[in-house]
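Worksheet: one structure, shown below.
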Amino acid sequence: MTTPDRTDCPEADRPEGARAVEILRVRDAVEPATDFVVEEAPVALVYNGISHAVMMTTPSMLREFAVGFSLAEGIVASPSEIYEIEVTDACGNGKNVEMRVSSEAFWKLKERRRSMAGRTGCGLCGVESLKDAVRHAPRLPVTQTFDMAHYDAALTYLFEAERLGELTGATHAAVWVTPDGRLAGGAEDVGRHVALDKLLGLRALSGWKDGALVISSRASYEMVEKAAMCGVEILFAVSAPTALAVEVARDAGMTLAAFCRRSRANIYSHPERLTGLEGLDALAGFARHAKSA
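So in our numbering the end of the sequence shown lands on 277, straight run, no missing numbers.
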């Protein structure tokens, strides 16, 4: 997360989702000032007329959010199963994202009977039994590599994606970086899960496959599972992983690195996709030993 710059921001230059509020600023003295805060709004994801989830999100990139959430939750297998998306106003300052999905996808959704109520920074909620809380992510192929010569640049792209975060200090970001180190695109939201869903939806709609995912948050189980469900093979997280996230990444065959800082990282699983690391060949048995640990 970037340190916010509380200087005046003209409305024309203000990113979507920022609101100006009047405050009292305490420094050497108390003085009136203007601050910028990030918008939060309830967004209902509606499938074939039935509301499935209500999430608190920053109300931008809602089409991408809907696609990413649907893919990451296994509701649809590909964007082609979503025939139509319409964003409409709802009660209060909320939004409805109404999707028309294939009969097969809708039938599977009804079978699962999952009703999630989202909050800022939410985890899993509304799951009907403990066995439903942890799903098995698909085993990923080994088709991707990432040259660590581009690693430092990849981390800086998080700042480029955080226009709201730069202004408000209140968002998380997720970016997709191509194998040659270019920024393909990014997304941000007040919730880290939603920022990831938006990025995964943008990736699917844009047809990006090759590259790596970088997130500004910790690597929780849900973040790793969402990425794996969408076929992401390489994930860099700025903050810590959880034990379950490491386990899921190892079982799914995902390359997971966390505590990612300039020229530093901890690699928790499947380092074979990362090229340009001095001494990695001598540690070729790491993945095998880590899996059995």
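We treat Cβ as the ideally placed atom computed from N, Cα and C, and that holds for glycine.
- Start-end ranges of the alpha helix (DSSP H) lying completely within the stretch 138 to 173, minimum 4 residues: The DSSP assignment places complete alpha helix (DSSP H) segments of no fewer than 4 residues inside the stretch 138 to 173 at 147 to 152, in order along the chain.
- Query: Buried or exposed: GLU70, going by 16 or more other Cβ atoms within 10 Å of its Cβ?
  - Reply: Position 86 of the sequence shown holds residue 70. Its Cβ having fewer than 16 others within 10 Å, GLU70 is exposed.
- Is it true that the stretch 72 to 81 meets the stretch 210 to 227, where meeting means three or more beta-carbon pairs spaced less than 8 Å apart? They do not touch, by the three-pair rule.
- Query: From which residue to which residue does the beta strand (DSSP E) around VAL30 run?
  - Reply: Along the sequence shown, one-based indexing puts residue 30 at 46. Going by DSSP, VAL30 is part of the beta strand (DSSP E) stretching over 25 to 31.
- Query: What is the DSSP secondary structure of LYS79, reduced to helix, strand or coil?
  - Reply: In the sequence shown, the residue the question calls residue 79 occupies position 95. Correct three-state label for LYS79: strand.
- Query: Is it true that the CB of VAL161 sits closer than 8 Å to the CB of VAL198?
  - Reply: The residue given as residue 198 occupies position 214 in the sequence shown. The residue given as residue 161 occupies position 177 in the sequence shown. Their beta carbons are under 8 Å apart, which means VAL198 touches VAL161 by this criterion.
- At what residue ranges does the stretch 5 to 64 contain a whole run of the beta strand (DSSP E), taking only runs of 3 or more? With a minimum length of 3 residues, the continuous beta strand (DSSP E) runs that stay inside the stretch 5 to 64 are 14 to 22, 25 to 31 and 34 to 41.
- Have a look at ASP(-3), ASP12, GLU15 and PHE20 and flag the residue whose alpha-carbon is nearest the alpha-carbon of VAL5. Here residue 5 refers to the residue found at position 21 of the sequence shown. Of the listed residues, the one whose Cα sits closest to VAL5 is PHE20.
- Message: Suppose you measure from the CA of GLU238 to the CA of THR18; what does that come to, to the nearest Å?
- Response: The count along the sequence shown starts at 1 and reaches residue 238 at position 254. The count along the sequence shown starts at 1 and reaches residue 18 at position 34. Strictly speaking, residue 238 in this sequence is Met, with Glu absent from that position. As the crow flies, the alpha-carbon of MET238 is around 44 Å from that of THR18.
- Item | Cβ neighbour criterion (16 or more within 10 Å) applied to PRO(-1) | Sequence index remark: in the sequence shown, residue -1 carries index 15 (1-based). Residue environment for PRO(-1): buried (at least 16 other C-beta atoms within 10 angstroms of its C-beta).
- Should the stretch 233 to 248 be called in touch with the stretch 83 to 95, which here means at least 3 C-beta pairs below 8 Å? Flag = no, the stretch 233 to 248 and the stretch 83 to 95 do not touch.
- Apply the 10 Å Cβ neighbour rule to ALA138 and answer buried if 16 or more other Cβ atoms are within range, or exposed otherwise. As a first step, residue 138 is located in the sequence shown; it is residue number 154 there, counting from the start. By the 10 Å Cβ count, ALA138 comes out buried.
- Message: Is any non-hydrogen atom of the ligand SAM found closer than 7 Å to the C-beta of SER201, if you look at the structure I gave you?
- Response: Inclusion of the ligand SAM in the displayed structure is not the case, the ligand content being empty and no account of it being possible.
- How would you label THR41, buried or exposed, when you count the other beta carbons within 10 angstroms and need 16 or more for buried? To locate residue 41, count along the sequence shown from 1; it is residue 57. In the assembly as shown, THR41 is a buried residue. Its beta-carbon has 16 or more other beta-carbons within 10 Å.
- Per DSSP, cross-strand counterpart(s) of PHE90: As a first step, residue 90 is located in the sequence shown; it is residue number 106 there, counting from the start. In the DSSP output, where bridge partners are listed per residue, PHE90 has none listed.
- In whole angstroms, what separates the C-alpha of VAL111 from that of ASP235? Along the sequence shown, read from residue 1 onward, the residue named residue 111 stands at position 127. Along the sequence shown, read from residue 1 onward, the residue named residue 235 stands at position 251. Note on VAL111: pLDDT 46, under 50, position unreliable in the model; the coordinate value appears next. Their Cα atoms are separated by approximately 23 Å.
- Query: With LEU167 and TYR141 assumed to form a contact (beta carbons below 8 Å), what rounded beta-carbon distance in angstroms separates them?
  - Reply: By one-based count along the sequence shown, residue 167 stands at place 183. By one-based count along the sequence shown, residue 141 stands at place 157. With a Cβ gap of about 4 Å, LEU167 and TYR141 count as contacting.
- C-beta contact flag for ALA157 and ALA171 at 8 Å: As a position in the sequence shown, residue 157 is number 173, starting the count at 1. As a position in the sequence shown, residue 171 is number 187, starting the count at 1. Yes; because the gap between Cβ atoms is below 8 Å, this pair is in contact.
- Query: Anyone know if the C-beta pair for ASP181 and GLY58 falls short of 8 Å?
  - Reply: Start at 1 with the first residue of the sequence shown, and residue 181 comes out as number 197. Start at 1 with the first residue of the sequence shown, and residue 58 comes out as number 74. For ASP181 and GLY58, no; Cβs fall outside 8 Å.
- Spatial neighbours of MET132 in its chain, beta-carbon cut-off 6 Å, leaving aside the 5 residues before and after: Here the question's residue 132 lines up with position 148 in the sequence shown. Once the five neighbours on either side are set aside, the close Cβ partners of MET132 are LEU258, GLY260 and LEU261.
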